[in-house]
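Here is the structure we will look at.
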Amino acid sequence: MFTKLLIANRGEIALRILRTCRQMGIYTVTLYDAADRDSLHVRLADEAIHLDSPADFVEIPKMIRLAQENGVDAIHPGYGFLAERADFARACRDAGLVFVGPSPELLDELSCKVPVLQKVREAGIPTVEFSPHVFQPGDEDDLREEAARMGFPVVIKSCAGGRGRGARFVRTPAGLPEAVRWAQREARTVYGDQSLYLEKAIEDVHQINVPILADNQGTLLHLGEREGSLQYSNRKVLEESPSPHLTNTVFSQTNRAILWQTALAVARLFGLQNAGAVEFLVDQTGNFYFSEIKARLHTEHPLTEMCTGVDIVREQIRLAAGEPLALKQADVLPKGWAMLARVRAVDPWQDFLPSPGRLTQTRLPDGMGVRVDTYIYPGCNVPGDYDPLIAKICVWGDDRAECLGRLSVALEEMKLSGIPTNLPLIQRVARTEAFRDGLYTTSFLDDPLPNGIEYRTLRDMAATAALLYVRRRQTFTPSTPARLESGWHKHSRRLPE
């Protein structure tokens, strides 16, 4: 087992990895720039190394040099940054360091989505309809012809994309040029690669992924499934496990098992190692289509951990150390229901643009079945140079009804002041009838949300507004200070009779 590990990330995921390392007795080294100087992942680490700028998080030679100079055995990339960079995994191996993740050869193979989709289709597994060609800048005419051949609506995607970045839904030919420019711009910024491809859009579907663990001896197991269909601008808002769609519909337990086995077949097809997930789109009739495979730790992994009791980060580290899977498929018995809300520092009134700044007040939820993965605290700084995710609120219950109740209480308890966040959006979504009934799809947030505010909440808001109005009206009214109203003060000044 490793004695010293570098966490090549920041924020809540760095803190998450750090805590498991401490439980395993592994010495931790974290990274920070000036904006993160007082962050919790810096305060709690055994060692912390200062970086000159945010760009250093993706500077491979610098990462390798820092690891060697500080005597670490392994590097955990978390997600984002260098987590899916084959050249980084290869540089780690060449330097005698263990990369906590898959092999560089696998990351190379998964780096472009079109060959991945082709390989899965050739294996006889249904996939989404996709363009067989990759489009580079200057290929806009070819892309337009391919979109016309496929038929609208289509989805423009980055070949190197993930986590909803570099993707754009296009309903008509008129919207294609702007969507292409937008996708190329974001893909260049996020991945340094402007290559795009097309998928035929399937509307009103469910986005479901199956998390998988795999050791170096070829043993694989799945950990149930997670549904992430509630999305806004391709970013997930609320997720749950198990999938309500697979539970509520005619999609029987037998077909659910087929989905799990198909995910394992895809993982075996590519020789997946360590941790990953296979994603499918499932339509209303139960047909499912392979969408992508991601060989990394997923943002929503707490859902799986709460339902299965498996510490996925611990398993990642064990597997990277060459140990075999300690679990068998029969040992994985998902229990109960879990939901996860992604709280981001974005401004709902400014088209959800990032809203960096100082959090003046924070109140985090607590209680039975509640877990909060976050790096925030009162007075902390939220930088503007990174992903705006600041907290993940995860709740668990024996069934979906109990889980919903705990989620509602947790969202009501959470208070954030100082900067705008998407917490009001999450609260509104959680109150909608469609979410509470589990009858939503990826298109749910395309339409305006119903009001969904309870009468008692409206009543309290009206009373608060009235009190504030009266207080403001009385601001300039002469009054006696409270300290002069006490009987002791009056009597102390009374003259003897």
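For the sequence shown, our numbering begins at 585 and goes up steadily by one. From the three backbone atoms N, C-alpha and C, an ideal C-beta is built for every residue, glycine too. Predicted model only: the values in this text are computed from it and were never measured.
Reference residue i, options the options, closest by Cα
i     : options                      : result
V613  : E986, C676, D657 and V754    : D657
C978  : F1028, M890, Q1058 and I1003 : M890
D617  : S637, A598 and L602          : S637
T1016 : S992, I591, Q720 and E824    : S992
H882  : I601, G989, S623 and Y663    : Y663
G906  : P721, K878 and Q801          : Q801
N793  : Q702, V916 and F874          : F874
C734  : L599, I786, L690 and T587    : It is Met, not Cys, that sits at residue 734 in the sequence shown. Nearest of L599, I786, L690 and T587 to M734, Cα basis: I786.
L917  : E863, V718 and S825          : S825
M585  : L1007, P908 and P1032        : P908
D630  : R603, F854, T846 and Q768    : R603
L681  : A639, A904 and N832          : A904
E668  : G745, A994 and R606          : G745
D799  : A679, N818 and G855          : G855
L1033 : R1043, D1044, P1008 and G685 : P1008
M923  : A598, A632, G953 and I842    : G953
W766  : P795, R810 and S817          : S817
P886  : L590, L589 and I601          : I601
T1005 : V764, F936, R627 and Q702    : F936
L724  : L760, V738 and V700          : Reading off the sequence shown, one finds Glu at residue 724, where the question assumed Leu. The shortest Cα separation from E724 among L760, V738 and V700 belongs to L760.
G870  : Q791, T803 and D931          : Q791
P795  : M1045, F864, R984 and D678   : F864
P721  : R621, T773, R1057 and Q768   : Q768
G609  : R621, I597 and K588          : K588
N965  : P940, N832 and L1052         : P940
C696  : Y1053, G951, D777 and A1018  : D777
R1020 : A985, V738 and T1048         : A985
I597  : D971, V1054, V764 and A1047  : D971
E809  : L995, A847 and N654          : A847
D692  : D678, F672 and A679          : F672
Residues that residue i bridges to, as DSSP identifies them
i     : result
C978  : L924 and R955
N965  : R942
F1053 : For the sequence presented, residue 1053 should be read as Tyr rather than Phe. Answer is none; Y1053 lacks a bridge partner.
H806  : I796
S779  : None; S779 has no bridge partner.
K741  : Y781
F753  : V739
H660  : I591
S931  : The amino acid at residue 931 is misidentified as Ser; the sequence shows Asp. Answer is L937, bridged to D931.
Whole-Å CB distance - residue i paired with residue j, under 8 Å assumed
i     : j     : result
R594  : H625  : 6 Å
G666  : V642  : Gly is not the amino acid found at residue 666; the sequence shown has Leu there. So it is a contact: roughly 6 Å between Cβ atoms.
A859  : I896  : 6 Å
R1093 : I740  : The question about residue 1093 has no answer, for the chain in this structure spans 585 to 1081.
P828  : G1022 : 3 Å
G750  : A731  : Rounded, the Cβ-Cβ distance is 16 Å, inconsistent with contact.
A707  : L843  : With 8 Å as the limit, A707 and L843 do not qualify as a contact, their Cβ atoms being about 16 Å apart.
I901  : V684  : 6 Å
E876  : V738  : About 17 Å separates the two Cβ atoms, so there is no contact after all.
Contact check, residue i vs residue j, beta carbons under 8 Å
i     : j     : result
A675  : I648  : yes
E949  : V956  : The sequence as given places Pro at residue 949; Glu does not occur at that position. It is a contact, given that the beta carbons lie within the stated cut-off.
V704  : C743  : no
L973  : T888  : no
Y775  : F714  : no
T944  : Y961  : no
F736  : T711  : no
V927  : I1010 : yes
A651  : I659  : yes
L1029 : A879  : no
L1000 : E899  : no
P938  : A925  : no
L822  : A1014 : yes
G812  : E884  : yes
Q857  : L690  : yes
G547  : D982  : This structure gives no information on residue 547, because the portion of the chain shown stretches from 585 to 1081.
V862  : A851  : yes
S1165 : V718  : Residue coverage of the chain in this structure runs from 585 to 1081, which leaves residue 1165 outside it and unanswerable.
Q845  : T1026 : no
Q868  : D788  : yes
A913  : L830  : Sequence inspection shows Gln at residue 913; the Ala mentioned does not correspond to that position. Not closer than 8 Å, so no.
L590  : Y959  : no
A592  : P686  : no
Beta carbon proximity, residue i to chain B, threshold 8 Å
i    : result
L599 : The structure shown contains no chain B; it is built from a single protein chain.
Practice task
Ignoring anything shorter than 3 residues or poking outside the region 587 to 637, list the beta strand (DSSP E) runs there in chain order.
Solution key: 588 to 591, 611 to 616 and 631 to 634
Problem - In chain order, each alpha helix (DSSP H) run of at least 4 residues that lies wholly inside the region 695 to 727 - result: 697 to 706
Exercise for the section: Enumerate, from N- to C-terminal direction, the unbroken alpha helix (DSSP H) stretches of 4 or more residues contained entirely within the region 797 to 883. Expected result: 828 to 832 and 837 to 854
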